[in-house]
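Step one of this worksheet: look at the structure below.
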Amino acid sequence: MFTLLSTISRTARPCIWSQAIRPFSCIDRIGQASVQTSKEEAAHLERQRLNANAQNRQRYANDPVFRQKSLGYTKKWRRRPDNRDHHKAFVHAHRERNREKYNARTAHDWETNLESRRSHTLSGLLDKGVADTHTWKTHTPIRCSDRVEHYCTGCNRDRFLMAWWKENSETPELWDQDRYMCNRCFANDWPRVVPETYTGYLANIFRSPELPLSKAQKEELAKEKGTESDKP
57 MFTLLSTISR
67 TARPCIWSQA
77 IRPFSCIDRI
87 GQASVQTSKE
97 EAAHLERQRL
107 NANAQNRQRY
117 ANDPVFRQKS
127 LGYTKKWRRR
137 PDNRDHHKAF
147 VHAHRERNRE
157 KYNARTAHDW
167 ETNLESRRSH
177 TLSGLLDKGV
187 ADTHTWKTHT
197 PIRCSDRVEH
207 YCTGCNRDRF
217 LMAWWKENSE
227 TPELWDQDRY
237 MCNRCFANDW
247 PRVVPETYTG
257 YLANIFRSPE
267 LPLSKAQKEE
277 LAKEKGTESD
287 KP
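If you read the sequence shown in my numbering, its first letter stands for residue 57, the second for the next number, and so on.
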């Protein structure tokens, strides 16, 4: 009798264990299906993102209105106070990674663009305190610790800069209206840029609208002077 019961017990045991494990097997299959569904959903969302980016790039390249709106949104995002630190860190890291290209582009711009030379020269003079010894009839230089947004009356657009020239309005109706010129426009607005009063040395940028010369122009001028000095 005992032997018969033992045999029946051994025979029924797999069925009992199978019935006991089956619910957990179902849970495992459900979990696997959920993981598979999540992966498929993630892949689908990634395809949607890539397709949307491709469509936006195509539209950006061919639709001037859309391109202008996109630039406006990007500009506003970069200028938000809560995004400034992030954007400055990004720009700094990008410049460091591409330092050689950045320096080469700056040097090329200096050699080939008179407006850039005048703008950089005037900015350097402001850093050295030229506003303490010079005054201008129509504008006063404003040097900010960080970029601020103003509308430039020279290039007629909103700009986000540290160096500005605030207009000294002589019209009472405009006293409550702040008007600005960006440093580049003011540096190249001759003869407005010439100081009304100054003490000490007058920089070459204030003596001629054609100055400063590029390196190539200086070398050519030195060569011409050397040729003239060699004449009997």
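For every residue, glycine included, the Cβ atom is placed at its ideal position computed from N, Cα and C. Every value quoted in this text rests on a predicted model; they were computed, and no experiment measured them.
According to DSSP, simplified to helix, strand and coil, what is residue i?
| i | result |
| --- | --- |
| R235 | coil |
| T196 | strand |
| W220 | strand |
| E42 | With the chain represented from 57 up to 288, any question about residue 42 goes unanswered, as that position is not in the structure. |
| L277 | helix |
| S126 | helix |
| S201 | strand |
| G185 | coil |
| L258 | coil |
Thinking C-alpha only, which one of the options is nearest residue i?
| i | options | result |
| --- | --- | --- |
| H195 | F216, E252, W166 | E252 |
| K193 | E226, Q111, T93 | E226 |
| T255 | Q273, H190, D202 | H190 |
| N109 | S126, V121, A272, P120 | S126 |
| V249 | E96, K222, Q233 | K222 |
| C238 | P120, A99, R203, P265 | R203 |
| G185 | F146, E280, A259 | A259 |
Just grab the DSSP bridge partners of residue i for me.
| i | result |
| --- | --- |
| T191 | T253 |
| K157 | DSSP lists no partner for K157. |
| H206 | R215 |
With a Cβ-Cβ cutoff of 8 Å, do residue i and residue j count as a contact?
| i | j | result |
| --- | --- | --- |
| P268 | R161 | no |
| H148 | R134 | no |
| P197 | L217 | no |
| S270 | W166 | yes |
Quick one: does residue i have its CB under 8 Å from some CB of chain D?
| i | result |
| --- | --- |
| K184 | Going by chain labels, chain D is absent from the structure shown, which holds only one protein chain. |
Problem set entry | Cβ contact (3+ pairs, closer than 8 Å) linking the segment 235-244 and the segment 171-191 | yes
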